[in-house]
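>
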Amino acid sequence: AMLILPLLVVFLFLFCGVLQPPASLPYFWRSWMYPLDPFRYFLEGLVTDILVETKVHCTAEDLYVYQPPSGMTCGEYSANFLSYATGYIDNPNATSDCGYCPYSTGADFYNTIPWTEDHRWRDFGIFSAYWVFNIGLVVLLVWTSRKPRR
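Under mature numbering (1 follows the signal peptide of the UniProt record, and there is no 0), the residues of the sequence shown are numbered -20 to -1, 1 to 130, in order.
See below:
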């Protein structure tokens, strides 16, 4: 059991949607493993609850730097793009070295997975049911293996 449990934990973490979004998973795994993975429900509830109000401020190393056409500011050049995309322009009045940060809030990050804060209580219920089921299964297996034989 001590050798199998770490493999199981790694396996569950690989398919919970954090390391690789569900859309990137092979269909075989996405169709059954992603919905059954208890780590998914635990992390979706936890991450969305923590990041929902978090503001993101990118450092200079995190920004995507690009050059706008001459005569345009970064904000003017990027206005159409930002009407569809998340994030912000770090220096909208600059005419060179525009800095784009892909996230302005924590929700911008987890919406790409796709998770939503509307599922927090649902995820809590599913994870709680998983926990209760596992405790019940352990109690049942211990009881059946330890009860006296007649």
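Just so it is clear, CB atoms sit at the ideal spot from N, CA and C, and this is done for glycine as well.
Near residue 135, which residues of its chain fall below 8 Å by C-beta distance, leaving aside the five closest residues on each side in sequence?
This structure gives no information on residue 135, because the portion of the chain shown stretches from -20 to 130.
> For T85, write down the residues that DSSP places opposite it in a beta bridge.
Taking the sequence shown and counting its residues from 1, the one referred to as residue 85 is at position 105. Looking at the DSSP assignment, T85 forms a beta bridge with K35.
> So for V112, helix, strand or coil by DSSP?
Numbered from its first residue, the sequence shown carries residue 112 at position 132. It is helical.
> Decide if A40 is buried, meaning its Cβ has at least 16 other Cβ atoms within 10 Å, or exposed.
Residue mapping note: residue 40 aligns to position 60 of the sequence shown, counting from 1. Label assigned to A40: exposed.
> Suppose only complete runs of 4+ residues qualify. What are the alpha helix (DSSP H) ranges in the stretch 16 to 83, listed by chain order?
Runs of the alpha helix (DSSP H) inside the stretch 16 to 83: 18 to 31 and 54 to 62.
> Would you mind stating whether F(-6) and M13 have Cβ atoms separated by less than 9 Å?
To locate residue -6, count along the sequence shown from 1; it is residue 15. To locate residue 13, count along the sequence shown from 1; it is residue 33. Closer than 9 Å, so yes.
> Could you pull the start and end residues of the alpha helix (DSSP H) that F(-10) belongs to?
Taking the sequence shown and counting its residues from 1, the one referred to as residue -10 is at position 11. Taken as a continuous stretch (DSSP letters only), the alpha helix (DSSP H) holding F(-10) covers I(-17) to L(-7).
> Give the straight-line distance between the Cα atoms of C78 and S50, rounded to the nearest whole angstrom.
Walking along the sequence shown from the start, residue 78 turns up at place 98. Walking along the sequence shown from the start, residue 50 turns up at place 70. Whole-angstrom Cα-Cα distance: 12 Å.
> Buried or exposed: E33, going by 16 or more other Cβ atoms within 10 Å of its Cβ?
Position 53 of the sequence shown, counted from the start, is the residue given in the question as residue 33. Label assigned to E33: exposed.
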